[in-house]
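What follows is a single structure, written as structure tokens, with notes after it.
Protein chains: 2
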Amino acid sequence: MKKTTEEYRSKCPLSIALDLIGDKWSLVIVRDLCMGKSKYGDFQSSPEGIPTNILASRLRLLEENGIVIKEPYQDRPTRYAYFLTEKGADLLPVLQQLVIWTQKYVPDCLTPPEIFSQITPQDLLLKRER
Amino acid sequence: MKKTTEEYRSKCPLSIALDLIGDKWSLVIVRDLCMGKSKYGDFQSSPEGIPTNILASRLRLLEENGIVIKEPYQDRPTRYAYFLTEKGADLLPVLQQLVIWTQKYVPDCLTPPEIFSQITPQDLLLKRER
DNA sequence: ATAGTTACTTGCAAAAAGCAAGTTTACATG
DNA sequence: CATGTAAACTTGCTTTTTGCAAGTAACTAT
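Residue numbers (my numbering), protein chains in the order written: chain A, -16 to 113; chain B, -16 to 113.
Below is the structure:
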């Protein structure tokens, strides 16, 4: 995933998207955020087993790119919970299409909770506000 | 991108999709195929400037994963042109959603040809048959 | 005969990923 | 009070992947 200051490979919107979130881990974190996870340990406990240094660096990059924001959820020590921004929530249709594709072509993959295919980016943000 | 024989990180359809095409280059090649490019040199000449060894390895993996097929377009020496399979063409909605997202959030990106947002996976395969 | 084209492969250096261990700050227990 | 546990990271190091440059093979054109 691209550091914010670097240049894009081209001005094609597809390649820019891949510069920003085109790696093996970023969208896995976004998926977890869509499913309501918000703390560091939540992401670590996902079945893919993301290495902790990669998780920390991806959260930083996702924040730099305006896809997530972090908010303190306690003091002493200050700990942060992570949430999707509108920009991040708008990645949901991308995730949904990826899931549809895999479901069609990869036999032994799981079926996500029904709600996953039904929610919209707005739903994710509304959940946030409550 | 995943070698065909390896295991997936999990059985989640999202992470499987990323195991298969979650890297910086695979979908750039799929984009070019959607736009009618088919020869090695066509992919090389795209503005992103894919390194030739990466291009060769990605075409091999995309073929192993059933996303592209190659067909000889001349003999002496035998040269192959690459085309999307149905599985590959069905990645179009993913690309379209990625483009919508970038257009919404990244100011100075280009607008793809109007046809790109209008075509369907079936159109790509029909084009093939002619 | 020489140069050019197309589609690659090979070798090597640089960058990124992955693993294990360590650090920090605080709470909980005996 | 000392020890242990937990959450959220960071650091160090090895392995893998990427990226660049150069080389190769099989023709075609001049």
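Think of the CB as a built atom: it goes at the ideal place given N, C-alpha and C, for glycine as much as any other residue.
Looking at the backbone, the Cα of N36 (chain B) and that of V13 (chain B) are separated by about 17 angstroms. Scanning the stretch 38 to 69 of chain A from its first residue to its last, the whole beta strand (DSSP E) runs of 3-plus residues come out as 51 to 57, 62 to 67.
Annotation for S(-2) (chain B): Y(-9), R(-8) place their beta carbon closer than 8 angstroms to its own, counting only its chain and skipping 5 residues before and after.
Inter-segment contact for the stretch 22 to 35 of chain A and the stretch 72 to 92 of chain A is absent: fewer than three beta-carbon pairs are separated by less than 8 angstroms. Interface with chain B (8 angstroms Cβ-Cβ cutoff): A0 (chain A) is included.
The DSSP-derived three-state label of Y(-9) (chain B) is coil.
Going by DSSP, C92 (chain A) is part of no alpha helix (DSSP H) at all; its letter is neither H nor E. Chain-ordered listing is empty here: chain B has no CB closer than 7 angstroms to the CB of P104 (chain A), the nearest sitting near 10 angstroms. In chain order, C(-5), L(-3), S(-2) make up the part of chain A whose C-beta sits under 9 angstroms from the C-beta of R14 (chain B). Less than 8 angstroms separates the beta-carbon of P(-4) (chain B) from that of L93 (chain A). Pairing K70 (chain A) with L1 (chain B) gives a Cβ-Cβ distance that is not under 8 angstroms. When 8 angstroms is used as the limit between beta carbons, E31 (chain B) is near these residues of chain A: R(-8), S(-7), C(-5), S(-2), in chain order. Excluding its 5 nearest sequence neighbours in each direction, F26 (chain B) has C-beta neighbours in its own chain below 7 angstroms: I12, D15, K20, I33, L38, listed in chain order. Residue A:L75 holds the alpha-carbon nearest to the alpha-carbon of I83 (chain B) among A:T68, A:L75, A:I102. Within a 10 Å sphere around the beta-carbon of G5 (chain A) sit 16 or more other beta-carbons, which makes this residue buried. In this structure P95 (chain A) is buried. Its beta-carbon is surrounded by 16 or more other beta-carbon atoms within 10 angstroms.
Counting along the chain, W84 (chain B) sits inside the alpha helix (DSSP H) bounded by residues 75 to 88. The DSSP-derived three-state label of E31 (chain A) is coil.
Look at K22 (chain B) here: in three-state DSSP terms it is coil, with no helix or strand label. At a C-beta separation below 7 angstroms, K87 (chain B) has these neighbours in chain A: D73.
A:L67 is the residue among A:L67, A:Y63, A:S100 whose C-alpha sits nearest the C-alpha of L108 (chain A). Q79 (chain A) and G49 (chain B) have their alpha carbons spaced roughly 21 angstroms apart. In summary, S100 (chain A) is exposed, with fewer than 16 beta-carbon neighbours lying within 10 Å of its beta-carbon over all protein chains present.
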